[in-house]
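Per mature numbering (1 follows the signal peptide of the UniProt record, and there is no 0), the sequence shown runs over residues -22 to -1, 1 to 289.
Glycine included, C-beta positions come from ideal geometry on N, C-alpha and C.
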Amino acid sequence: MITRRLILAGAAALAFTSSAFAEDWKTKYPELTFAVVPAENASGVTERWAPFVSYLSKELGVKVTLRIANDYAAVIEGQRAGNIHIASYGSASFARARLTGVKTDAFANDINADGSTGYYSVFFVKASSAYKKVDDLKGKNLGLVDPNSTSGNNVPRFELDKMGIHDAEGYFGKVVFTGSHENAMLALSQGTVDVAANQWTSEDDSTLAQMLTKGMLKNTDGSAMKKDDFRIIHKSAPIINGPYAYNADLPEEAKAAIAKAFFDAPAKDKAAFDRLSDGQKKGFHPATTKDWDGTIELIKFVDALRKKKAS
């Protein structure tokens, strides 16, 4: 006979088993590494991410270590090797990771202040320059970010191709990779490049806006530059915000705990979340790996352009 006592005993056993499984992953993974690619200088990245990483450690019950990667390739290879368990990707770098066989699964991306989950790639010039469109920049210097950057390389090349510029290196006098979104804007402000590709979500949410707030961009006389000192001459179609992704091989209990910690962050540790986003984001949006299938097609297109040029 099935009695209430048997049912309660079974429920207790199930709860104990579930709890044991939950603790198993923590025994196997007493420390998780969370990698980010700097859009700013290293100290700025640490200040921005450290409170959020501390929050993750508390919520997950294991130590979470922040790793500031040198570039997107380092994140890709770190996840391939299993040394990076959670990563903040750009859309293109995540697509590249997937294309090259890295076992990584997207679980979230940022929600912008207006509720959207996308951004744009733009070409910036100085407002004091005579450049009003890309056609004005033939033979001038172009600043890109990183070969695996979405808004700083892949989408710009796609946009240029749509304009009939199939070979950026042949069209511009020089094309330079600056290494970060901040460096691209610094190169533009200092006159090292005449036009710079970068990310832009809104007037108040972009690398440029963040740098102006910090007073990082200066005129030749040392005075702080303003928003009006720059001009956007081209804006792409919307790009899906890059994903946060975990190793596909992590236990399901660990994945669920990581995702929950992200989604709970704005309510559970608003200060850490606001520091991470500079108050420009509303939270994290649930995402799946398939959401970036379109970006994979973009990367294939850009790869084909590169092969065509090399042949």
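Counting C-beta pairs closer than 8 Å gives fewer than three between the segment 54 to 72 and the segment 191 to 202, which falls short of the contact rule. Inclusion of P221 and A86 in the CB contact set at 8 Å is warranted, their separation being smaller than that value.
According to DSSP, R45 shares a beta bridge with A13. In chain order, F12, V42, T43, L44 place their CB closer than 8 Å to the CB of V31, counting only its own chain and leaving out the 5 sequence neighbours on each side. Per DSSP, H263 is one residue of the beta strand (DSSP E) stretching across 259 to 264.
Put simply, of V171, E230, A73 the residue whose alpha carbon is nearest the alpha carbon of T156 is V171.
DSSP places T82 within a strand segment (E or B) once states are collapsed to three. Taking 8 Å as the cut-off, the Cβ atoms of D49 and V14 do not count as close. DSSP places F150 in no alpha helix (DSSP H); its state is neither H nor E. Annotation note: the segment 57 to 110 contains the following uninterrupted beta strand (DSSP E) runs of length 3 or greater, listed N- to C-terminal: 64 to 66, 82 to 90, 96 to 104. For I236, the secondary structure class from DSSP, reduced to helix, strand or coil, is helix. When the five nearest sequence neighbours on each side are left out, the beta carbons in the same chain lying within less than 7 Å of the beta carbon of K110 are those of I211, in order along the chain. One thing to note: A175 has its Cβ no nearer than 8 Å to the Cβ of F72.
When secondary structure is reduced to three states using DSSP, Q177 falls in the strand class. Rounded to the nearest angstrom, the gap between the Cα atoms of N119 and P229 is 48 Å. In the DSSP annotation of this structure, the continuous segment of the beta strand (DSSP E) that includes I211 starts and ends at 208 to 213. By the Cβ criterion, the segment 245 to 252 is not in contact with the segment 91 to 106, since fewer than three pairs of Cβ atoms, one from each stretch, lie closer than 8 Å.
Going by C-alpha positions, T5 is about 15 Å away from K233. For L120, the enclosing beta strand (DSSP E) starts and ends at 119 to 122. Looking at the backbone, the Cα of N131 and that of D124 are separated by about 6 Å.
The alpha carbon of V80 has as its nearest neighbour, out of G96, E231, A165, A52, the alpha carbon of A52.
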